[in-house]
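Note that the protein sequences, when read in sequence, are chains V and W.
Residue numbering for the first sequence is 119 to 320, as defined by my numbering.
Residue numbering for the second sequence is 119 to 320, as defined by my numbering.
The structure under discussion appears below in the form of structure tokens.
2 protein chains.
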Amino acid sequence: MQVLPPALEKLIDALGNLPGVGPRTAERYAYYLLKSDGHKSAELSDALSQLHKNISYCKKTFALVEEGMELSDLYTDPARNKQIVAVVAEPFDIIALEKTHNFSGTYHVLGGLISPIDGIGPEQLHIEELVARIDEDKVEEIILATNASVEGESTALYIRKQIGDRNVKVSRLARGLPIGLDLEYADQITLSRALEGRQLLS
Amino acid sequence: MQVLPPALEKLIDALGNLPGVGPRTAERYAYYLLKSDGHKSAELSDALSQLHKNISYCKKTFALVEEGMELSDLYTDPARNKQIVAVVAEPFDIIALEKTHNFSGTYHVLGGLISPIDGIGPEQLHIEELVARIDEDKVEEIILATNASVEGESTALYIRKQIGDRNVKVSRLARGLPIGLDLEYADQITLSRALEGRQLLS
């Protein structure tokens, strides 16, 4: 017996593909879209159909850009210091760093992290292009802004090795206590990193 | 400065309209769709564009049906007892009841609950049509399966009044302890309802 019309079943199935969305949440989204006027679902439908057509990658930094653009604004803007490059795993990591309003260098998106278990080796990431940028743009500092995870750390170490003895500073984001965390709730590894990285009060 | 391409911003905005989806979750959904091949977003886009065109309401029960169908299968199926009608607020409540595999009557969807604070009065709900069905289908029992909320209760009472002295049993779903709940964690109102509705062990 057909409890729901096929068009609705189809939408619930498609919404259920989104990460972290189970059948109940998908039902909730679908019913919300059905109850609101057709405008909301038409808008979403349009945005989805345009997605792959209108998005491309910056040839230099591999950040997301509008289709037809060669280079990202974050690279071409003259206010941006091309001699400092923050290396991130995914394009969305750029948003997080931009929100700090504390970084005026450029970015380099790796497109993932080295993870043998998922079949991702260094040759699938944009590491070669990063090394080429060091020479082309006369980069002075590389900030390895990868996650504080096993994959993030090993990718950082691999990149360090590839850079070799080129005359460039290589740093990585500090590991330590996140702001607002009580010492007693900090995990062991975070706390040892915070101890190792302790800084003199001057 | 444009951190994200406009097509992606548009999708994030549209996804952020879904209930309970904030900007971070919308970003996660959008990036997932961008990373997976175009097939997934095309599927979702299609399903959305078909939604309003292909869904209609059953003329009798107001359940959701395929466009072009007059009556829901849940009503026309001869195995369904038309003399027993479960009254629910929303079409999705039917799914919950169907999953029990314990009800073989028909349904009647009100399309909401009486809620003066949201500007929903009884005239906006399909209550008149329910009363008409009692006479047309010679209904023997009406099961008021509305939520155990203030709106659910007052809608149930209003319907009871509209039915008047027609010769029909009117019941509502039992209120009591949900299965698996420890007595000590039950709230006061649930517990008083469970006391009031206590049943003899025979």
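Just so it is clear, CB atoms sit at the ideal spot from N, CA and C, and this is done for glycine as well.
This one's a predicted model, so the numbers in the text were calculated from it and none came from an experiment.
In the three-state DSSP reduction, S174(V) falls in the strand class (E or B).
A distance of 7 angstroms or more separates the beta carbons of R290(V) and I252(V).
Contact with chain V is found for N172(W), since one of that chain's Cβ atoms lies less than 7 angstroms from the residue's Cβ. Put simply, the backbone Cα of H170(V) is about 6 angstroms away from that of G156(W). At least 7 angstroms separates the beta-carbon of I238(W) from that of Y276(W).
In chain order, H170 make up the part of chain W whose C-beta sits under 7 angstroms from the C-beta of G156(V). Considered as a whole, the segment 211-258 of chain V harbours 245-254 as its complete alpha helix (DSSP H) runs of no fewer than 4 residues, in chain order. In this structure, V139(V) lies away from I213(W), with their beta-carbon atoms at least 7 angstroms apart.
The alpha-carbon of S310(W) is positioned some 19 angstroms away from that of A274(W). Think of a sphere of 9 angstroms around the beta carbon of Y193(V): no beta carbon from chain W falls inside it, the nearest being about 11 angstroms out.
For N199(W), not one C-beta of chain V is nearer than 7 angstroms to its own C-beta. In this structure, T224(V) is the residue among T224(V), M187(V), A204(V) and F210(V) with its C-alpha nearest to the C-alpha of P196(V). For a Cβ distance threshold of 8 angstroms, nothing in chain W lies close to N220(V): the least Cβ distance comes to about 15 angstroms. For K178(V), there are no C-beta contacts with chain W under 8 angstroms, since the nearest C-beta of that chain is about 16 angstroms from it. The DSSP-derived three-state label of E185(W) is coil. Assignment of V203(V) by DSSP, reduced to helix, strand and coil, places it in the strand class.
The shortest C-alpha to C-alpha distance from L248(W) to any of S222(W), E216(W), I235(W) and V203(W) is the one to V203(W). Separation of the CB atoms of L228(V) and A207(V) is rounded to 5 angstroms, and the pair is thereby assigned contact status at 8 angstroms. Residue pairing of S289(W) in beta bridges, as defined by DSSP: I261(W). Taking every protein chain shown into account, the CB of T218(W) has fewer than 16 other CB atoms within 10 angstroms, so this residue is exposed. Less than 7 angstroms divides the Cβ of L129(W) from the Cβ of A165(V). Distance from the CA of Y303(W) to the CA of G270(V), rounded to the nearest whole angstrom, comes to 44 angstroms.
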